[in-house]
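Visitor: Chains as they are written, first to last, in numbering that gives the first Met the number 0: chain E, 0 to 347; chain S, 0 to 347; chain V, 0 to 347; chain Z, 0 to 347.
Below is one structure. I have some questions about it.
Number of protein chains: 4
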Amino acid sequence: MSSKKIGILGASGYTGADAVRLLARHPNAEIIALTANTHAGKSMGDVFPHFFMLGLPKLVEWEKVDWSRLDAVFCGLPHGTTQEIIAAVLKANPKIKVLDMSADFRLRDKNTYAQWYGHEHRALELQGEAVYGLTEFYRDKITSARLVACPGCYPTAALLALVPLAKAKLIDVDDIIIDAKSGVTGAGRGLKQNTLFSEAGEGLSPYSVGTHRHAPEIEQEIGVAAGSAVTINFTPHLIPMARGELCTSYVKLKGATPDDLRTALEQAYANEPFVHVASKGVLPQTQNVRGSNYVQIGVVADRIKNRAIVISTLDNLVKGSAGQAIQNMNLMFGLPETAGLEQIALFP
Amino acid sequence: MSSKKIGILGASGYTGADAVRLLARHPNAEIIALTANTHAGKSMGDVFPHFFMLGLPKLVEWEKVDWSRLDAVFCGLPHGTTQEIIAAVLKANPKIKVLDMSADFRLRDKNTYAQWYGHEHRALELQGEAVYGLTEFYRDKITSARLVACPGCYPTAALLALVPLAKAKLIDVDDIIIDAKSGVTGAGRGLKQNTLFSEAGEGLSPYSVGTHRHAPEIEQEIGVAAGSAVTINFTPHLIPMARGELCTSYVKLKGATPDDLRTALEQAYANEPFVHVASKGVLPQTQNVRGSNYVQIGVVADRIKNRAIVISTLDNLVKGSAGQAIQNMNLMFGLPETAGLEQIALFP
Amino acid sequence: MSSKKIGILGASGYTGADAVRLLARHPNAEIIALTANTHAGKSMGDVFPHFFMLGLPKLVEWEKVDWSRLDAVFCGLPHGTTQEIIAAVLKANPKIKVLDMSADFRLRDKNTYAQWYGHEHRALELQGEAVYGLTEFYRDKITSARLVACPGCYPTAALLALVPLAKAKLIDVDDIIIDAKSGVTGAGRGLKQNTLFSEAGEGLSPYSVGTHRHAPEIEQEIGVAAGSAVTINFTPHLIPMARGELCTSYVKLKGATPDDLRTALEQAYANEPFVHVASKGVLPQTQNVRGSNYVQIGVVADRIKNRAIVISTLDNLVKGSAGQAIQNMNLMFGLPETAGLEQIALFP
Amino acid sequence: MSSKKIGILGASGYTGADAVRLLARHPNAEIIALTANTHAGKSMGDVFPHFFMLGLPKLVEWEKVDWSRLDAVFCGLPHGTTQEIIAAVLKANPKIKVLDMSADFRLRDKNTYAQWYGHEHRALELQGEAVYGLTEFYRDKITSARLVACPGCYPTAALLALVPLAKAKLIDVDDIIIDAKSGVTGAGRGLKQNTLFSEAGEGLSPYSVGTHRHAPEIEQEIGVAAGSAVTINFTPHLIPMARGELCTSYVKLKGATPDDLRTALEQAYANEPFVHVASKGVLPQTQNVRGSNYVQIGVVADRIKNRAIVISTLDNLVKGSAGQAIQNMNLMFGLPETAGLEQIALFP
């Protein structure tokens with residue numbers, strides 16, 4: 000099978016770099032364009048020295064890319080700047096497949112978007128066209144999509160744990176508490192004081208409590224599963240590790256037992272290559288998925304009656320971003336869904 | 000004022016060592032005995048090289064200590080072995096003050112003790128005599144006590160956040176979810192695979208979910224505050240940092256607002272030297288208290304109606320153990336409560 | 000090409016686990032036996048939960064393995080216990096290929112072995128037969144070998160930097176100072192106080208200065224290159240990271256310039272798939288090779304006249320252990336040398 | 000004794016903050032002015048939340064300070080901006096004591112300064128007046144000084160290890176190799192990509208090899224000790240820890256033994272409160288001094304004949320900066336030299 004020709008927009012960020020890491024070894028992909036407007040003219044080895052062993056195209060400004068040569072583009076640009084660039088790319092080459100790893104096309108409701116992102120959406124038709132790229136729930140739509148809005152890292156972890164339970168009406172969707180913990184790469188490569196080693200190391204900080212932009216995305220999809228609008232608690236914490244995300248979700252049971260929850264999850268993911276439900280008594284931990292596209296989910300009984308705890312973990316840069324984008328690309332090109340994605344977690 | 004003569008049992012563990020760190024610079028204390036049965040004969044510098052600048056007594060077996068020379072003893076021995084040793088110490092010197100940092104005397108109910116620790120209590124009269132050493136709630140009893148059972152690190156963090164709210168009936172005590180995060184020193188200095196650097200680093204693990212022995216201690220004290228038995232959710236996570244503990248408590252409001260909760264906490268701790276309630280909008284983080292005896296508590300509104308989030312943080316080895324023990328000792332000897340304890344957090 | 004049938008002895012240690020990680024995805028390998036005598040009967044998921052996604056054989060005692068079914072065995076057992084077990088394996092199946100990752104067969108001189116390991120070697124004929132498995136220097140011998148003694152992690156890093164320079168007589172081999180830094184996995188998975196997270200984290204410790212067992216291995220091979228016995232300085236430091244090793248080697252020049260050193264290294268490794276010489280001005284760092292089989296080497300001029308600094312880095316569990324063993328296995332079976340080993344470093 | 004009134008310039012940086020941490024608990028000091036021009040108007044709790052328990056003056060612009068009210072000023076401003084500000088301060092209040100923690104007055108030779116800092120010195124008379132603030136070597140001069148140029152963190156660690164040996168002519172000063180390792184706070188609080196948690200964590204990077212500005216400072220002082228100009232090797236490495244510095248110095252012996260070196264150091268520091276020479280066989284580690292003003296030095300025999308290894312460690316923000324400045328302030332005011340500085344290392 001000939002290789003698909005790939006461009007990566009925003010290759011100087013962490014999600015862009017993880018897309019490079021995976022695509023450079025993908026059996027059916029060839030990276031032929033890399034953009035990073037503030038680093039145009041540099042080699043990737045200048046901005047990410049761990050790519051010293053790869054021959055990669057130089058970084059260019061996105062405006063310089065010849066879109067007609069590309070089969071697919073991965074977009075790791077900041078939220079807000081993405082929508083207009085993707086509109087331009089699709090105008091230049093309407094057949095190109097777009098894997099957007101930003102938040103720009105994840106929310107279906109234009110008002111919700113405007114409320115959380117502070118401005119009207121600037122590519123409304125594309126917002127309508129975009130498919131939410133949580134592979135396990137939207138596989139069919141993704142397969143035939145042109146533009147896939149890959150979910151945020153937290154939503155992927157939370158939704159894989161909760162959607163099957165909401166769908167099966169095993170839990171009360173009006174009483175979902177998601178205590179979320181993320182490694183520091185989740186904050187990106189931009190320079191911020193709170194992500195300096197000396198600030199984030201050896202300590203633990205809750206942040207954006209009640210205001211994190213992944214909350215409406217989670218509510219949107221649990222709402223779809225439940226058939227009604229929901230409001231959730233979503234409380235993120237910054238953890239002194241580079242990669243990894245773990246959601247501890249506290250749920251109220253609706254006539255179900257914790258074992259029923261586990262069974263429902265096992266059934267939902269019985270044929271999924273990347274989502275594993277842990278046996279009773281086994282607790283997921285981020286170490287188990289670091290650097291991999293795998294997700295691990297476990298269910299534990301709560302000491303409070305009629306409550307349970309659902310724990311889910313993934314690598315925020317892989318299944319939480321670049322890996323899931325590649326999984327979707329595989330579907331869109333009719334490739335084996337797992338192609339290029341079967342790396343085992345790097346532990347220790 | 001003449002110095003109080005102090006012995007530390009179990010000086011080769013982390014709580015023992017932090018007691019040494021603080022007491023060696025305490026203006027009214029003199030360390031004259033250190034025990035560690037498996038290291039008897041060694042100097043403290045052999046087992047904790049960061050004490051190279053101190054002249055300290057050699058480690059001896061606890062049976063070798065002349066209790067009549069001591070005014071107070073700090074006990075950092077493992078759970079279970081403590082009760083008989085303390086009984087022997089008090090028999091040898093009934094006037095000695097005992098600051099127990101183990102779990103042996105924390106639970107008042109002998110059945111609860113037996114259920115959670117797997118054996119009958121072996122010093123029942125002392126269990127009855129012991130005062131629960133959460134300074135802010137039991138100051139009067141501590142002042143006149145002979146044996147103080149210093150609380151666990153998690154209970155101190157959780158109870159300081161929740162007891163004033165339970166007492167004031169602002170929250171539903173049957174729906175308390177405590178998502179707890181601890182640094183690795185919480186697991187002690189014993190050799191365990193999961194606390195190796197290569198295992199605990201760069202990752203995050205829930206552990207003892209539903210089975211952690213600090214749960215009954217929290218329930219006991221919230222029950223006292225509420226006037227009825229309660230069952231709570233307590234879900235601990237191991238975080239890749241050495242020190243620090245943060246509890247994110249999710250509570251259901253009983254006709255109160257999040258601001259009411261903050262006000263109640265501010266009133267409860269208005270005159271407390273070590274407990275600070277953060278202003279609205281300020282989120283506690285473990286970095287703020289590392290190495291110090293301070294506690295920081297914050298309140299945030301939940302997006303779910305009638306719910307709030309209470310966040311509390313402390314250093315598990317200081318206010319969560321040795322520091323609080325010294326705070327209690329100061330009370331017991333009529334010393335200024337803050338003596339030797341005003342170190343500011345070490346950040347970064 | 001049919002898959003080679005592989006057994007891994009000592010699969011519950013870190014080098015064993017990294018061999019599993021890589022071999023489970025190797026295109027020409029099938030893991031059919033895993034041993035760990037203290038964990039016999041368990042699944043690999045019990046001892047390394049990050050393998051949850053793999054179907055692997057259960058752990059058994061090494062005595063239970065049917066060696067006739069195996070094409071190759073990787074040995075990750077502790078030093079000292081290995082020699083007799085390998086002798087037994089080769090007696091049971093003389094055609095099996097042995098990739099030993101322990102130190103047992105690395106030293107060619109029996110007296111040096113006895114001096115550094117404290118006992119006579121217990122399989123002297125095999126010691127004579129074993130080929131030192133530093134692929135880049137012994138490729139031909141490895142290709143036809145039955146028993147390969149894969150080098151230690153430090154020796155691989157140091158020798159790749161220094162051997163070409165010693166061979167070309169560009170440096171004074173009697174004045175080599177190797178300041179070595181290693182991540183904590185280098186100390187293995189055994190329970191030791193100094194490798195606990197709370198001890199090794201947030202700090203830096205020199206260790207085994209002047210007494211580390213990798214010194215004679217480095218001296219042996221530099222001696223071969225120089226044609227005379229040498230004594231080196233080798234000073235290891237424990238660094239708070241899990242993986243990675245970096246050697247900063249200080250050398251005295253013999254009529255050469257730092258650029259001459261770089262040129263000599265570039266020539267030596269021009270056709271090597273895994274060894275890269277950094278351009279002038281680029282400094283190697285462990286982050287560039289984490290989780291990968293790559294090695295990066297750089298040369299910097301010293302401010303002291305006639306001196307230079309050679310910096311080399313690798314992942315101690317990959318090119319420093321399991322990865323190099325697989326690279327050697329590929330040679331021994333006539334497979335492409337890079338098969339299963341082209342993962343890019345996991346950064347961040 | 001009445002408290003000395005203190006101002007801290009550059010209080011929003013790490014050295015400024017550590018001066019606050021220590022001075023806020025100093026028995027003879029009162030902080031009455033804090034400056035940080037980019038944060039003027041904020042409280043210290045806004046820029047360093049771990050000071051929540053302190054009542055501190057608001058941050059102001061340095062131009063707003065009334066210098067006549069101050070007895071001493073600590074200066075934690077960036078290199079280059081300091082010289083003119085200090086000139087202005089001393090003009091406004093010629094009796095004020097200045098503890099400069101920047102590099103501006105450390106080099107005595109104006110040409111060396113211009114060469115390494117890229118511009119002519121802008122306060123040459125003050126450069127002449129300034130006393131190099133390595134307390135142990137310049138105690139008398141410091142006692143009567145008005146302006147003390149506190150040494151860099153690396154020079155303090157290196158010089159305490161090497162100066163007594165150079166003075167006693169026990170080592171060859173033309174063959175000194177200093178392999179230096181620093182925690183990330185050494186790079187300051189400014190936003191740089193290489194000090195982000197995700198970049199600096201879990202990895203190790205040499206940096207500024209041959210070009211670090213602490214090299215001429217070390218050469219200046221070894222030159223003074225040796226009585227002749229010297230050129231040294233100084234090779235810094237960035238280590239994934241916040242605090243701590245360790246220098247592994249490789250020296251050639253001049254007719255001396257390693258034990259002679261240790262003896263010389265023991266004699267040099269016999270009466271020093273903060274410098275400890277480790278017993279034979281004991282290796283210094285940064286964990287032993289974290290957060291403290293102590294220095295630990297050890298000597299080990301090299302395997303290469305006539306060579307030795309001298310290892311020294313300190314906390315870069317304490318004895319490497321703010322702590323040493325306070326030690327000097329104590330001398331300048333006739334206070335006990337150890338006042339406010341006897342905190343024991345925070346371990347773990």
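Here a beta-carbon is modelled for each residue, glycine too, at the ideal position from N, C-alpha and C.
Just tell me which of E:Val208, E:Ala199 and E:Ile231 has its CA closest to the CA of Z:Met240.
Guide: Selection E:Val208, E:Ala199 and E:Ile231 evaluated against Z:Met240 yields E:Ala199 as nearest (Cα-Cα).
Visitor: When DSSP labels each residue in this structure, what does S:Ala267 get in the three-state scheme?
Guide: helix
Visitor: In terms of residue numbering, what span does the alpha helix (DSSP H) encompassing E:Arg138 cover?
Guide: Thr134 to Thr142
Visitor: For chain Z, is any of its Cβ atoms less than 9 Å away from the one on S:Val250?
Guide: no
Visitor: For V:Ser1, count neighbouring C-beta atoms within 10 Å of its own C-beta (all shown protein chains included) and say buried if the count is 16 or more, exposed if not.
Guide: exposed
Visitor: Less than 9 Å separating the beta-carbons of Z:Lys4 and Z:Phe332?
Guide: No, the pair does not count as a contact, with Cβ atoms beyond the cut-off.
Visitor: Residues of chain S with CB closer than 9 Å to the CB of E:Thr247, please, in chain order.
Guide: The contacting residues are Asp178, Pro205, Val208, Thr234 and His236.
Visitor: Between Z:Glu198 and chain V, is the shortest Cβ-Cβ distance under 9 Å, so that the two count as touching?
Guide: Cβ-Cβ to chain V under 9 Å: yes for Z:Glu198.
Visitor: Could you check whether S:Leu58 and S:Pro366 sit closer than 9 Å to each other, using their CB atoms as the reference points?
Guide: With chain S running from 0 to 347 in the structure shown, residue 366 of chain S is simply not present.
Visitor: Are the beta-carbon atoms of V:Ser248 and V:Val208 separated by less than 9 Å?
Guide: no
Visitor: Can you name the residues of chain Z whose CB is closer than 7 Å to the CB of V:Ile310?
Guide: Chain Z residues near V:Ile310: Pro205.
Visitor: Quick one, which of Z:Glu336, Z:Tyr137 and Z:Ala32 has its alpha-carbon nearest Z:Glu62's?
Guide: Z:Ala32
Visitor: Beta-carbon within less than 7 Å of S:Asn327's beta-carbon, same chain only, minus the 5 sequence neighbours each way: which residues are those?
Guide: Leu98, Gly132, Thr134, Ile141, Val147 and Cys149
Visitor: Whose C-alpha, out of Z:Ser278, Z:Gln192, Z:Gly185 and Z:Ala186, is nearest the C-alpha of E:Arg188?
Guide: Selection Z:Ser278, Z:Gln192, Z:Gly185 and Z:Ala186 evaluated against E:Arg188 yields Z:Gln192 as nearest (Cα-Cα).
Visitor: Apply the 10 Å Cβ neighbour rule to S:His118 and answer buried if 16 or more other Cβ atoms are within range, or exposed otherwise.
Guide: Per the 10 Å Cβ criterion, exposed.
Visitor: Under 8 Å between beta-carbons, which chain S residues line up against Z:Phe47? List them in chain order, please.
Guide: Under the 8 Å cutoff, chain S gives Phe346.
Visitor: Just how far apart, CA to CA, sit Z:His213 and Z:Thr14?
Guide: 17 Å
Visitor: According to the neighbour-count rule (16 or more other Cβ atoms, all chains shown, within 10 Å of its Cβ), is V:Thr37 buried or exposed?
Guide: Classification of V:Thr37: exposed, given that the 10 Å Cβ count is below 16.
Visitor: How long is the line joining the alpha carbons of E:Arg121 and V:Asn329, rounded to whole angstroms?
Guide: 54 Å
Visitor: Could you name the residues of the region 302 to 332 of chain V whose beta carbon sits closer than 7 Å to any beta carbon of chain Z, in the order they occur along the chain?
Guide: Arg302, Ile303, Arg306, Ile308 and Ile310
Visitor: For V:Gln192, go through chain S and note every residue whose CB falls closer than 8 Å to its CB, in chain order.
Guide: Within 8 Å Cβ-Cβ: Arg188 and Leu190.
Visitor: For a cutoff of 9 Å on Cβ pairs, would you count Z:Pro77 as touching chain V?
Guide: no
Visitor: When you compare the CB of S:Ser181 with every CB in chain Z, is at least one pair closer than 9 Å?
Guide: no
Visitor: I need the straight-line Cα distance from Z:Arg107 to Z:Val223, nearest angstrom please.
Guide: 11 Å
Visitor: If you reduce the DSSP assignment to three classes, tell me which class Z:Glu218 lands in.
Guide: helix
Visitor: Taking its Cβ as the centre, do 16 or more other Cβ atoms sit within 10 Å of S:Thr365, making it buried, or is it exposed?
Guide: Outside the shown range of chain S (0 to 347) lies residue 365 of chain S, about which nothing can therefore be said.
Visitor: In angstroms, rounded to a whole number, what distance separates the CA positions of V:Lys104 and E:Lys166?
Guide: Lys is not the amino acid found at residue 104 of chain V; the sequence shown has Phe there. Approximately 60 Å, taken between the alpha carbons.
Visitor: Determine which residues share a DSSP beta bridge with Z:Ala148 and list them.
Guide: Beta-bridge pairing links Z:Ala148 to Z:Asp99 and Z:Tyr131.
Visitor: Would you call the region 312 to 323 of chain Z in contact with the region 167 to 178 of chain Z, where contact means no fewer than 3 C-beta pairs closer than 8 Å?
Guide: no
Visitor: Counting contacts by CB-CB distance shorter than 9 Å, is Z:Glu244 in contact with chain E?
Guide: no
Visitor: Rounding to the nearest angstrom, what Cα-Cα distance links Z:Phe73 and Z:Leu125 in this structure?
Guide: 16 Å
Visitor: Can you give the Cα-Cα distance for Z:Gly258 and Z:Arg302, rounded to whole angstroms?
Guide: According to the sequence provided, residue 258 of chain Z is Asp. The question's Gly does not apply to it. CA-CA distance, Z:Asp258 to Z:Arg302, rounds to 14 Å.
Visitor: What is the DSSP secondary structure of V:Phe196, counted as helix, strand or coil?
Guide: helix
Visitor: Is any beta-carbon of chain Z found at less than 9 Å from that of E:Leu21?
Guide: no
Visitor: Helix, strand or coil: how does DSSP classify Z:Val288 here?
Guide: coil
Visitor: Determine which residues of the region 217 to 228 of chain Z have a Cβ less than 8 Å from any Cβ of chain V, and write them out in chain order.
Guide: none
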